[in-house]
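Peer 1: Protein chains in written order, with the numbering used here: chain A, 17 to 386; chain B, 17 to 386; chain C, 17 to 386; chain D, 17 to 386. Sharing a structure with you now.
There are 4 protein chains.
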Amino acid sequence: MNMTITVAVAGASGYAGGEVLRLLAGHPEVEIGALTAHSTAGTPLGEVQPHLRSLADRVLLPTSVEHLRGHDVVVLALPHGASGEIAAQLPDDVLVIDLGADHRLASAADWTAFYGSEHAGTWPYGLPELLLESNPHGAPAEGRPGDPDTVVTRQRELLAGVRRIAVPGCNVTAVTLGLQPGIAAGLIEPTDLVAVLANGYSGAGKALKPHLLASEGLGSAQPYAVGGTHRHIPEIRQNLRAAGAQDVTISFTPTLVPMARGILATATARLAPEHRDATDAQVRLAWEQAYEAEPFVHLLPAGQWPTTAATLGANTALVQVAVDRAAGRVVTVTAIDNLVKGTAGAAVQSMNIALGLPQTLGLTTEGVAP
Amino acid sequence: MNMTITVAVAGASGYAGGEVLRLLAGHPEVEIGALTAHSTAGTPLGEVQPHLRSLADRVLLPTSVEHLRGHDVVVLALPHGASGEIAAQLPDDVLVIDLGADHRLASAADWTAFYGSEHAGTWPYGLPELLLESNPHGAPAEGRPGDPDTVVTRQRELLAGVRRIAVPGCNVTAVTLGLQPGIAAGLIEPTDLVAVLANGYSGAGKALKPHLLASEGLGSAQPYAVGGTHRHIPEIRQNLRAAGAQDVTISFTPTLVPMARGILATATARLAPEHRDATDAQVRLAWEQAYEAEPFVHLLPAGQWPTTAATLGANTALVQVAVDRAAGRVVTVTAIDNLVKGTAGAAVQSMNIALGLPQTLGLTTEGVAP
Amino acid sequence: MNMTITVAVAGASGYAGGEVLRLLAGHPEVEIGALTAHSTAGTPLGEVQPHLRSLADRVLLPTSVEHLRGHDVVVLALPHGASGEIAAQLPDDVLVIDLGADHRLASAADWTAFYGSEHAGTWPYGLPELLLESNPHGAPAEGRPGDPDTVVTRQRELLAGVRRIAVPGCNVTAVTLGLQPGIAAGLIEPTDLVAVLANGYSGAGKALKPHLLASEGLGSAQPYAVGGTHRHIPEIRQNLRAAGAQDVTISFTPTLVPMARGILATATARLAPEHRDATDAQVRLAWEQAYEAEPFVHLLPAGQWPTTAATLGANTALVQVAVDRAAGRVVTVTAIDNLVKGTAGAAVQSMNIALGLPQTLGLTTEGVAP
Amino acid sequence: MNMTITVAVAGASGYAGGEVLRLLAGHPEVEIGALTAHSTAGTPLGEVQPHLRSLADRVLLPTSVEHLRGHDVVVLALPHGASGEIAAQLPDDVLVIDLGADHRLASAADWTAFYGSEHAGTWPYGLPELLLESNPHGAPAEGRPGDPDTVVTRQRELLAGVRRIAVPGCNVTAVTLGLQPGIAAGLIEPTDLVAVLANGYSGAGKALKPHLLASEGLGSAQPYAVGGTHRHIPEIRQNLRAAGAQDVTISFTPTLVPMARGILATATARLAPEHRDATDAQVRLAWEQAYEAEPFVHLLPAGQWPTTAATLGANTALVQVAVDRAAGRVVTVTAIDNLVKGTAGAAVQSMNIALGLPQTLGLTTEGVAP
């Protein structure tokens with residue numbers, strides 16, 4: 017690898033691809049290489065991503081291995097099902113970062129149940145702050161660094177030096193960050209979790225569907241994938257098992273609300289019976305310890321609640337936790353920018369870690385607010 | 017009472033008062049009488065409610081019993097704590113409708129715990145669709161109509177002829193309508209309920225608070241009153257007990273999202289153990305039976321989910337229910353316009369019932385969409 | 017015609033068609049007949065227009081003369097180019113109301129220049145408040161009521177008894193209502209007009225185009241049809257000529273802003289040289305006189321400016337005018353709901369007039385705000 | 017000056033102050049010093065600016081010269097009228113950057129006419145891209161660099177080494193950038209300009225006023241300061257005179273639309289009579305030449321129109337121009353983020369220039385979109 021890292025982006029005309037480019041354009045060690053797209057190949061990027069001024073004159077190439085080859089890093093921002101084949105043709109020493117779902121799930125059964133196709137295999141998982149109790153998913157069999165007796169406490173440690181990364185789903189990141197400290201500490205029950213999310217529209221991508229029109233979305237809130245059908249559910253369960261849960265059940269409902277970006281995840285769990293008498297401070301301590309050393313995940317001061325605006329454009333997750341004694345539940349609220357910490361920021365952060373760079377390089381914690 | 021019903025509105029400069037006036041202006045049997053306000057007294061209504069063109073030249077009077085007296089109906093759209101004193105000075109045969117919280121709760125202990133003041137007493141409760149198993153709250157001791165053996169099945173029956181009505185809280189209406197059919201049918205457990213709501217800003221009123229500024233709200237989602245502190249909680253519990261629950265515990269989290277109006281309530285409950293094997297159709301049947309005769313509450317066809325836009329300006333509640341087998345939970349989603357079915361529409365509907373008019377008079381089921 | 021007027025709506029699945037249905041559902045003299053659509057034919061209306069609860073079970077028929085025939089009124093909410101053929105096959109005594117552009121323009125040359133196809137002919141124009149100086153367009157040769165010497169002062173008079181109506185374009189209505197009093201009074205120059213509009217997305221219809229996605233529209237303002245290309249320009253010019261201008265030139269720029277509905281039109285004109293010394297009150301008088309008798313067009317008190325929210329769902333136009341002495345221009349601001357006074361409300365109002373009903377029947381002046 | 021530049025910010029709790037901090041937090045040569053505020057003094061910044069994570073623990077100090085002294089740069093984000101006194105007490109070698117209006121206008125008469133108080137004097141003007149024909153305002157008498165015969169072509173050249181900077185008004189920047197190329201080239205008449213703007217709410221600041229509530233703004237468009245009363249008008253006139261106009265008259269109307277940030281300015285001007293026959297390309301050339309070397313002002317390819325979303329968080333201005341032959345007007349549309357290129361970005365860019373740093377340091381051209 018050169019001093020300067022060359023990065024190609026496949027799927028540069030979509031929202032996720034565009035956001036990766038926005039972040040990479042400000043990354044001090046990166047040189048942006050080939051940009052590829054499908055239907056917009058041949059078009060200058062400025063026509064489809066008019067906000068990326070420094071790259072406006074770049075012409076989109078057709079998505080093919082030929083154009084992606086020869087870079088240090090290849091970011092795949094493609095519909096699910098498309099990344100496996102391309103990755104297979106890229107050399108093993110190229111860092112391939114998949115923003116799609118194909119390589120997130122360890123369980124082929126889960127994959128098939130929720131996606132209906134054959135499982136493409138599992139890659140190291142790009143959520144550095146994921147708490148790990150033992151034998152986490154995402155640990156490549158041959159890649160577990162160091163002595164097997166080492167206590168690996170966060171997914172970050174498993175990302176050093178890897179050359180394949182599966183970036184988490186945006187909703188998954190929000191729910192996992194909210195709940196995992198309580199799970200890992202045994203404070204909350206991992207069964208009967210309930211999460212309801214307020215989601216910005218960019219999470220749905222650029223697909224031309226009637227319910228995604230501005231006329232429909234402005235002034236309205238609408239749920240989708242209700243009743244246990246959302247594809248992010250098995251990934252949440254997988255993460256919380258990694259954090260220490262034996263079994264995980266979760267009711268998960270995303271709702272589209274009139275904002276372009278942002279996820280506000282309200283995720284609740286029952287206090288574990290043995291911790292019913294835990295004080296608020298004792299409960300809070302689990303979240304403090306989980307995130308006190310994390311540069312991108314902030315537990316807000318008690319009583320201050322996250323807003324998505326505060327995370328806009330930043331790789332920040334804001335988290336708050338409270339105990340509802342009457343309901344017997346711990347309530348967590350997590351705010352992220354779905355396209356940054358939820359997608360492209362996670363990709364850049366994981367890339368930094370894999371390549372041995374400071375994980376914060378090219379990323380900001382300052383949101384664009386108001 | 018004349019053929020034409022005269023209605024005075026106290027608090028006509030606020031959002032709730034304005035919405036009552038919007039509906040009354042289209043009510044065929046109503047003549048709008050005195051309009052009173054506090055800080056804007058002396059101002060033409062058109063300056064503070066520029067959307068109410070037919071009333072633009074009406075001058076706001078100071079809120080006092082003197083101005084409110086002499087009408088058939090008085091609607092109180094006042095801050096909580098203010099309505100009791102005024103109502104006490106109005107004759108018993110005047111229909112007084114309180115949009116505030118003062119007379120909703122049957123339990124003085126609940127009132128004091130959540131509002132911190134002395135309880136003002138309980139009035140008949142203006143949610144006509146509330147299912148009643150037995151001995152419901154809101155039944156004035158002397159006013160239970162007919163034979164005590166009569167099976168009263170809905171709150172509507174208790175509103176005929178009353179002269180005091182406490183209009184429900186907007187969040188309460190959404191959550192109650194979503195969950196009560198499953199509670200009444202014994203299909204879901206009334207404990208460990210979880211409700212998360214997406215709320216439009218008008219629910220917070222016209223108070224000048226920083227977090228209610230457009231700059232803060234646009235493009236952001238923010239929770240409030242998290243962790244069991246919201247004042248609507250005891251009212252939800254009371255309603256679901258009326259519908260048949262022995263005890264009710266609920267985790268309740270409202271979140272402000274960027275829309276002026278609307279509530280989308282996602283409320284979930286565990287399937288009762290004895291009904292784990294109920295088919296989707298069997299579960300759905302409880303909701304169908306609860307609402308099939310209701311003009312304002314619509315169970316959508318299976319698979320179609322409510323949106324708040326579809327209820328804008330209408331007295332409609334849209335409800336959907338699904339069973340998440342993996343999570344063991346029934347998920348309900350309810351959409352209302354917080355100012356109509358959530359406040360002013362409920363007032364007009366209850367007024368119609370109390371006065372022996374068709375309950376739908378002056379109300380529409382057609383939302384203003386998109 | 018029966019006591020009850022039967023109305024069929026072609027194009028019932030679109031935004032304009034849906035809004036006509038919303039208004040007709042509350043019209044006391046109307047019975048809604050056949051509803052037709054193109055790609056959604058065979059679907060219950062509730063699936064495509066979930067806000068129209070009272071019509072939810074109506075099944076959409078294919079758009080054909082066969083289904084539209086046999087009603088007193090047929091409303092055509094179709095893409096331009098489609099209405100002429102259908103109207104030609106409907107009996108002359110059926111009132112046909114075209115929401116599209118086909119029959120608005122008197123000049124075949126204008127039509128061809130802006131639409132590129134053959135002109136379909138001119139129908140009486142459905143803007144009752146249009147001021148007429150003499151020999152207005154839209155007057156059917158045979159239909160001019162009464163004595164030819166009668167001074168016809170408003171388009172309303174030309175609509176009585178007609179059986180074909182061309183409903184104005186929404187932007188046209190806003191700009192015309194703002195400027196015409198000054199034109200008719202000779203106070204402002206009809207050349208070098210400048211209009212810039214803030215437009216809600218529903219004006220663009222349900223077409224699935226990338227720039228109409230919620231992700232693109234939320235948090236953004238974007239112009240379209242800049243530089244004299246918008247098809248509403250010849251119609252504005254035609255209206256202002258009817259109001260008395262010899263020649264009209266106008267720079268017209270619509271901009272999409274993040275709201276579902278509404279048009280806020282800022283339209284400015286130079287003070288006519290001979291009126292440079294007119295006082296503010298003298299200028300204002302022209303607007304007062306134009307609209308003092310109009311039930312749906314309101315000149316606000318001096319200093320109060322229109323907002324689109326105040327017109328939501330109502331057939332109201334709010335107008336304000338001010339003189340900018342330093343700039344030498346009169347500035348008018350007009351707010352309407354593009355789907356009501358801008359489209360469907362104008363249709364119903366014109367229908368009422370054509371059929372001899374009170375023009376306000378089934379229409380409201382009360383907006384749904386906030 | 018040290019290698020690291022220390023910067024204090026007065027008014028750190030407001031929107032403008034917060035945005036300066038967001039940019040400075042990412043500036044490689046800056047160390048953020050004292051943060052001061054008025055009513056929130058004593059509070060950690062994280063409570064009032066929760067999006068500025070890296071500064072969350074900084075405690076706001078009271079705004080006083082004592083706390084501001086001792087820094088290389090002091091940024092004043094204060095209400096107008098407050099900066100003069102503070103600046104007078106800061107040493108001459110401290111770079112003082114005023115985000116407020118106090119020192120923008122060269123004409124004391126203009127100041128008094130629009131602000132009603134005594135003029136505080138004129139500082140070098142922080143719009144580096146302002147075209148200068150001759151003897152521009154903002155040139156400090158003693159500070160004109162080099163030979164008096166030098167042709168100074170842009171305001172940038174007058175900012176090198178200065179120690180006082182008046183940052184332009186946000187609306188002024190948008191309108192000036194749109195129109196000045198045509199003015200400087202003599203292609204358009206500087207009289208009878210018309211500008212209408214779509215404005216995000218953050219431009220109105222954090223003041224608690226009813227019309228700035230989210231309930232009022234969501235779903236609505238509303239004009240303000242109509243009819244020649246807006247305080248930005250004399251500043252626009254001053255700029256266009258600097259660019260070469262003899263006299264300037266402009267009709268200027270801002271309208272609040274439902275977005276937190278952004279200005280979309282549609283500014284039109286009559287083609288100068290002697291250039292009526294100029295081709296589109298000839299007109300366009302003036303804009304190309306004005307901005308081809310500018311890193312932050314982009315003339316979009318012909319036919320592509322600016323959107324505010326594309327500038328969010330970036331120091332970018334997007335400009336487009338078209339000729340409307342029928343109207344005889346050139347139409348320009350300019351999009352900026354009011355808080356970045358409109359305020360804080362302009363401050364940082366000007367600071368860089370004044371201090372001899374690359375002007376782009378700490379600023380991005382990549383907007384946060386969608």
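Every residue, glycine too, gets a C-beta built ideally from N, C-alpha and C.
Would you identify the three-state DSSP class for A5 (chain C), choosing helix, strand or coil?
Peer 2: Since the first residue of chain C shown is 17 and the last is 386, residue 5 (chain C) is not available in this structure.
Peer 1: Do G243 (chain C) and A338 (chain D) have their C-beta atoms within less than 8 angstroms of each other?
Peer 2: Taking 8 angstroms as the Cβ cut-off, G243 (chain C) and A338 (chain D) qualify as a contacting pair.
Peer 1: Rounded to whole angstroms, what's the CA-CA distance from N151 (chain C) to G260 (chain C)? Just pull it up for me.
Peer 2: In this prediction, N151 (chain C) scores a pLDDT of 47, lower than 50, which makes its location untrustworthy; no coordinate-derived value is stated.
Peer 1: Among the residues of its own chain, which have a CB less than 8 angstroms from the CB of G383 (chain B), if the five just before and after it don't count?
Peer 2: A325, A326, T327, L328, G329, A330, T332 and D353
Peer 1: With DSSP as the reference, identify every bridge partner of L175 (chain B), one or two as the case may be.
Peer 2: DSSP lists no partner for L175 (chain B).
Peer 1: Give the straight-line distance between the Cα atoms of Y307 (chain B) and V212 (chain D), rounded to the nearest whole angstrom.
Peer 2: If I take the Cα positions, the gap works out to 50 angstroms.
Peer 1: Just to make sure I have the definition right: I need the residues of chain B whose C-beta is within less than 8 angstroms of the C-beta of V191 (chain C). Which are they?
Peer 2: Near V191 (chain C) there are no residues of chain B at all, since even the closest Cβ is about 21 angstroms away, more than 8 angstroms.
Peer 1: Among B:V110, B:D208 and B:W127, whose alpha-carbon lies nearest the alpha-carbon of G344 (chain A)?
Peer 2: Taking the Cα of G344 (chain A) as reference, the smallest distance to any Cα among B:V110, B:D208 and B:W127 is reached at B:D208.
Peer 1: Quick check on this structure: which residue in C:I249, C:A309 and C:E304 has the alpha carbon closest to the alpha carbon of D340 (chain D)?
Peer 2: Across the set C:I249, C:A309 and C:E304, the C-alpha of C:I249 shows the shortest separation from the C-alpha of D340 (chain D).
Peer 1: Assuming V178 (chain C) and P140 (chain C) form a contact by the criterion Cβ under 8 angstroms, report the distance between their Cβ atoms to the nearest whole angstrom.
Peer 2: Beta-carbon to beta-carbon, V178 (chain C) and P140 (chain C) are separated by about 4 angstroms, close enough to satisfy the 8 angstroms threshold.
Peer 1: Taking its Cβ as the centre, do 16 or more other Cβ atoms sit within 10 Å of E35 (chain A), making it buried, or is it exposed?
Peer 2: buried
Peer 1: Since L61 (chain C) and I48 (chain C) are thought to touch, with beta carbons under 8 angstroms apart, how far apart are those beta carbons, to the nearest angstrom?
Peer 2: Between the beta-carbon of L61 (chain C) and that of I48 (chain C) there is about 10 angstroms, and that puts the pair past the 8 angstroms contact cut.
Peer 1: Shorter than 8 angstroms from the beta carbon of L229 (chain C) to some beta carbon of chain A?
Peer 2: Chain A contact via Cβ: present.
Peer 1: Taking just the CA atoms, how far does A302 (chain D) sit from L195 (chain A)?
Peer 2: 58 angstroms
Peer 1: Would you identify the three-state DSSP class for T192 (chain C), choosing helix, strand or coil?
Peer 2: helix
Peer 1: With 8 angstroms as the threshold, decide whether the Cβ of A26 (chain C) is near any Cβ in chain D.
Peer 2: no
Peer 1: Distance, Cα to Cα, L229 (chain A) vs L229 (chain C)?
Peer 2: C-alpha separation (whole angstroms): 4 angstroms.
Peer 1: Taking the alpha carbon of S231 (chain C) as the reference point, which residue from A:V264, A:I252 and A:M275 has its own alpha carbon closest?
Peer 2: Closest by alpha carbon: A:M275.
Peer 1: Looking at G30 (chain B) and the ligand HEM, is the gap between the Cβ and the nearest heavy atom below 7 angstroms?
Peer 2: This structure lacks the ligand HEM, and indeed carries no ligand of any kind.
Peer 1: Taking 7 angstroms as the limit between beta carbons, can you name the residues of its chain near P144 (chain A), skipping five residues before and five after?
Peer 2: R170, Q171, R172, L175, Q365, S366, I369 and Q375
Peer 1: From which residue to which residue does the alpha helix (DSSP H) around F130 (chain A) run?
Peer 2: A124 to Y131
Peer 1: What residue does the beta strand (DSSP E) around G49 (chain D) start on, and which one ends it?
Peer 2: V46 to A53 is the extent of the beta strand (DSSP E) around G49 (chain D).
Peer 1: Between D114 (chain D) and G278 (chain A), what straight-line distance do the alpha-carbon atoms span, to the nearest angstrom?
Peer 2: For D114 (chain D) and G278 (chain A), the distance between alpha carbons rounds to 33 angstroms.
Peer 1: Do we get a CB-CB distance below 8 angstroms when we pair S218 (chain D) with the residues of chain B?
Peer 2: yes
Peer 1: As a quick exercise: from C:G42, C:H87, C:A28 and C:V335, pick the residue whose alpha carbon is nearest that of K222 (chain C).
Peer 2: C:A28
Peer 1: Relative to the C-alpha of R74 (chain B), which residue among B:L379, B:T380 and B:L37 is closest?
Peer 2: B:L37
Peer 1: Does DSSP classify N255 (chain B) as helix, strand or coil?
Peer 2: Per DSSP, reduced to three states, the secondary structure at N255 (chain B) is helical.
Peer 1: Is the Cβ of Y31 (chain C) closer than 8 angstroms to any Cβ of chain A?
Peer 2: yes
Peer 1: Could you give the distance in angstroms between the alpha-carbon of S55 (chain A) and the alpha-carbon of V347 (chain C)?
Peer 2: Within the model, the alpha-carbon separation for S55 (chain A) versus V347 (chain C) is close to 45 angstroms.
Peer 1: Go to H83 (chain B), then tell me how far its alpha helix (DSSP H) extends in each direction, as first and last residue.
Peer 2: V81 to L84
Peer 1: Taking Cβ-Cβ distances shorter than 9 angstroms, what residues in chain B pair up with Q365 (chain A)?
Peer 2: Chain B residues near Q365 (chain A): none, gap ~23 angstroms exceeds 9 angstroms.
Peer 1: Could you please give the first and the last residue of the uninterrupted beta strand (DSSP E) stretch that includes S267 (chain C)?
Peer 2: I266 to L272
Peer 1: Please name the residue in D:P270, D:T265, D:D108 and D:H227 whose C-alpha comes closest to that of N187 (chain D).
Peer 2: With respect to the C-alpha of N187 (chain D), the residue from D:P270, D:T265, D:D108 and D:H227 having the closest C-alpha is D:P270.
Peer 1: Can you pull the chain A residues whose beta carbon is under 9 angstroms from the beta carbon of G344 (chain B), in chain order?
Peer 2: Neighbours of G344 (chain B) on chain A, chain order: T207, D208, T265 and S267.
Peer 1: Quick check on this structure: which residue in D:A385, D:P226, D:N215 and D:P386 has the alpha carbon closest to the alpha carbon of T218 (chain B)?
Peer 2: Strictly speaking, residue 218 (chain B) in this sequence is Ser, with Thr absent from that position. Closest option to S218 (chain B), Cα to Cα, is D:P226.
Peer 1: For a quick check, are the C-beta atoms of W321 (chain A) and P239 (chain B) less than 8 angstroms apart?
Peer 2: yes
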